[in-house]
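K.L.:
One structure follows; several queries about it will come next.
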Amino acid sequence: MQKPLLTVLSLTILLALHCADYDVLGSEEPPAPVTLRITAVTDSSASLGWTQSPDEDFLSYTVYHKLLNGQSQNVDTSDIPVDTLTFNVDTSIVVFGLDPGTPYAFRVFVRNTAGLVSPSNTADTMTLQDFKNKNIELLPIDSNSITDSSLAIDWQPVTGISLRHYIIYMDTTSKVDSSKDSAGTRLANTQMSINSLQPDQQYYFKVYAVDNNGLLQAGSNVVGTETADGIPTTVHTQLDSNRLSDSSITITWRKSTAPDFRRYIISIDTTALADTFARQDTADSSTFFIFAASDTALTFSNLQRDTEYRFAVFVEDVKNNISTGSIVNARTKDGIPDPVRLHVSDVTNEAVLLTWNRAIERGAVTYLMYVSSDTAVDTTDELLDEVSDTTFAYEDTAGLPQLWFAVFVKNSTGNLAKSNIVADFPVFVSLNPAPDSITDSSATLVWTQSLDSGFQVYKIYRRTTPGVFNSLRAPHAAISEKFTNYFTDTGLDSATTYFYRLRHESVNAHGNIEGRWSNEIFVTTK
0 MQKPLLTVLS LTILLALHCA DYDVLGSEEP PAPVTLRITA VTDSSASLGW
50 TQSPDEDFLS YTVYHKLLNG QSQNVDTSDI PVDTLTFNVD TSIVVFGLDP
100 GTPYAFRVFV RNTAGLVSPS NTADTMTLQD FKNKNIELLP IDSNSITDSS
150 LAIDWQPVTG ISLRHYIIYM DTTSKVDSSK DSAGTRLANT QMSINSLQPD
200 QQYYFKVYAV DNNGLLQAGS NVVGTETADG IPTTVHTQLD SNRLSDSSIT
250 ITWRKSTAPD FRRYIISIDT TALADTFARQ DTADSSTFFI FAASDTALTF
300 SNLQRDTEYR FAVFVEDVKN NISTGSIVNA RTKDGIPDPV RLHVSDVTNE
350 AVLLTWNRAI ERGAVTYLMY VSSDTAVDTT DELLDEVSDT TFAYEDTAGL
400 PQLWFAVFVK NSTGNLAKSN IVADFPVFVS LNPAPDSITD SSATLVWTQS
450 LDSGFQVYKI YRRTTPGVFN SLRAPHAAIS EKFTNYFTDT GLDSATTYFY
500 RLRHESVNAH GNIEGRWSNE IFVTTK
């Protein structure tokens, strides 16, 4: 039983070796073959593409072709070499110099560093028929149509074919043909405007006619021209309102995308708003230069306060072309700082904690805190302190009645800006002075009545250890009557100490609920 099996295997191996195109015996594996395809064809060229070699020991692709003419389609290394490519990512090539109306076959041979070779499949095609008797005359490009990004081409209509449309091909070399990128398609028109071109760039064009069967039937001569020098695109300019003061202005602009950027030119002047200018060299102004395309902001200092300024940002390229100016107008502040928003953060029997946002002023500022016993707080009232921080604690150990506060921002020039006025809204909790208010099972708490027009609720919190605060999820009691200023807590255990704190909640001017805590007290039942 063993001998026939060995005989079959031996014959199989010999037949495989005899039929192989190449000797792949040895210790090395041949490279994986690639798959070849024809991607485009003209009357004189063929575009080829193939899959990328996955082998780590890749060395090269070599492309061969042959004229068929009834011969075998099998392309071998004895046929005409086209080119050798040594990067495995290079998987396409255009074969020029072919004869029109002629069948060709192509093959790609992959070689590895061990010298082993694997052929691709064979791909064949026929070039399109000869255009020499059906040429299209592409006319010289009219110089009046040429800008830095567009131009127009014209050609004579083709005759002698059933025309479907024309196709226009474009390239930056004179070897333009139908294997290049198409600039666009038009039906029976014989003129086309081509846009989105690069400035100062040479372009070449060729026109083909396509018949009703979708075949290229005629081709034109090649015509080339150069686009005009590009004027850089105007950049958008705007004011940075967060960096505006009485002596400085910051402007920002979008980054220039000019490929030949040289610098930004920034002009500043104080001329009338109706007096516009388009170029920096016509402006009666001071001029600043920035040579980094990534810079998109500039701060102007030592300006006059309460003065209108006009700014323009230009882009200049290496050929000294200058964009139209993007103009922005801005007025320095009048020297009065922006006011801050004052808040009462906490109120107890002993102190009122006030906080406010930091002033926007770029220079040094201080804050003047004033207090009054009525709502009209001004600099004629009592000055509590001048501070540089944004918090202030007013100690009220005597338990004074309702107080009102305002903070003034003072800048480096001594100008003041007044904040909103806030009140401390004291809510004091204390034991009832009546000796019978505390029993073995109850205690009465009293507090001063709320003066807040936005009053919502009194919330009483209780626990048997110190530290009553808003960590408690739910209040022990809630009283929504503004004029009720006492609460009797019942059901208490005898000879037990209870700790209480009251939270007074109101609606502020913005419609939000604000809460303020009282001091913490304790009572011991009998």
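Each residue of the sequence shown is one higher than the last, beginning at 0 in numbering that gives the first Met the number 0. In this text, a Cβ means the ideal position worked out from N, Cα and C, and glycines have one as well. As the structure is a computational prediction, the values presented were derived from the model and not from experiment.
1. Among the candidates THR76, ARG261 and ASP239, whose CA atom is the shortest distance from the CA of ALA329?
2. Taking its Cβ as the centre, do 16 or more other Cβ atoms sit within 10 Å of SER43, making it buried, or is it exposed?
3. Quick one: grab the DSSP three-state call for SER505.
4. What are the uninterrupted segments assigned as beta strand (DSSP E) that are 3 or more residues long and contained completely in the stretch 218-280, given in chain order?
5. What are the boundary residues of the beta strand (DSSP E) that ASN410 is part of?
6. What is the C-beta distance between THR189 and ASP153, in whole angstroms, given that I count them as a contact (C-beta under 8 angstroms)?
7. For GLY514, which beta-bridge partners are listed by DSSP?
8. Quick check on DSSP: helix, strand or coil for ASP451?
9. According to DSSP, simplified to helix, strand and coil, what is SER418?
10. In the DSSP assignment, find the unbroken beta strand (DSSP E) run with PHE310 in it and report its ends.
11. Given a threshold of 16 other Cβ atoms within 10 Å of its Cβ, counted over all protein chains shown, does THR11 qualify as buried or as exposed?
12. For ASP439, which of helix, strand or coil comes out of DSSP?
13. Measure how close the beta-carbons of VAL327 and PHE313 come, nearest whole angstrom, since I'm counting them as under 8 angstroms.
14. Is DSSP giving SER173 helix, strand or coil here?
15. Measuring alpha carbon to alpha carbon, tell me which residue in ARG253, THR443, ALA187 and ASN301 is nearest ILE267.
16. Output yes or no for whether 7 angstroms exceeds the beta carbon distance between VAL116 and VAL62.
17. Just to check my reading of the structure: TRP355 and SER418 have Cβ atoms closer than 8 angstroms, yes? What is that Cβ distance to the nearest angstrom?
18. For HIS164, which option in LEU137, ASN143, GLN197 and GLN216 has the closest C-alpha, if you only look at C-alpha atoms?
19. Whose C-alpha, out of ALA187, THR295, ASN211 and ASP245, is nearest the C-alpha of GLN237?
20. Once the 5 residues before and after ASN87 are set aside, which same chain residues still bring their CB inside 7 angstroms of it?
21. Label GLU27 either buried or exposed according to how many other C-beta atoms from any shown protein chain fall within 10 Å of its C-beta, with 16 as the threshold for buried.
22. Please classify TYR21 as buried or exposed, where buried requires at least 16 other C-beta atoms within 10 Å of its C-beta.
23. Beta-carbon within less than 6 angstroms of LEU352's beta-carbon, same chain only, minus the 5 sequence neighbours each way: which residues are those?
24. Along the beta strand (DSSP E) that carries PHE288, what are the first and last residues, could you check?
25. Indicate the three-state DSSP secondary structure (helix, strand or coil) for ASN111 in the structure shown.
26. Would you call LYS205 buried or exposed, if buried means 16 or more other Cβ atoms sit within 10 Å of its Cβ?
27. Please name the residue, chosen from ASP439, VAL370, TYR207 and THR34, that lies closest to GLN155 on a Cα-to-Cα basis.
P.N.:
Checking against the coordinates, here is how it stands:
1. Considering only alpha carbons, the answer is ASP239.
2. buried
3. Assignment of SER505 by DSSP, reduced to helix, strand and coil, places it in the strand class.
4. 222-225, 236-238, 248-252 and 260-268
5. Neither: ASN410 is in no beta strand (DSSP E) and is coded neither H nor E.
6. 6 angstroms
7. GLU504
8. Assigned with DSSP and collapsed to three states, ASP451 falls in coil, not helix or strand.
9. coil
10. 307-316
11. Unreliable placement is indicated for THR11, whose pLDDT of 41 sits below 50; no coordinate value is reported for it.
12. coil
13. The pair is not a contact, with the Cβ atoms about 13 angstroms apart (cut-off 8 angstroms).
14. coil
15. ASN301
16. no
17. 6 angstroms
18. GLN216
19. THR295
20. Excluding sequence neighbours, ASN87 sits near GLN51, SER52 and PHE57.
21. Exposed: under 16 other Cβ atoms inside 10 Å.
22. Confidence at TYR21 is low in this model, with a pLDDT of 42, below 50, so the placement of that residue should be treated as unreliable; the coordinate-derived value is given next. Here TYR21 is exposed. Its C-beta has fewer than 16 other C-beta atoms within 10 Å.
23. For LEU352, where only same-chain residues beyond five positions count, the Cβ hits under 6 angstroms are SER344, ASP345 and ALA392.
24. First-last of the beta strand (DSSP E) with PHE288: 285-289.
25. strand
26. LYS205 comes out buried.
27. TYR207
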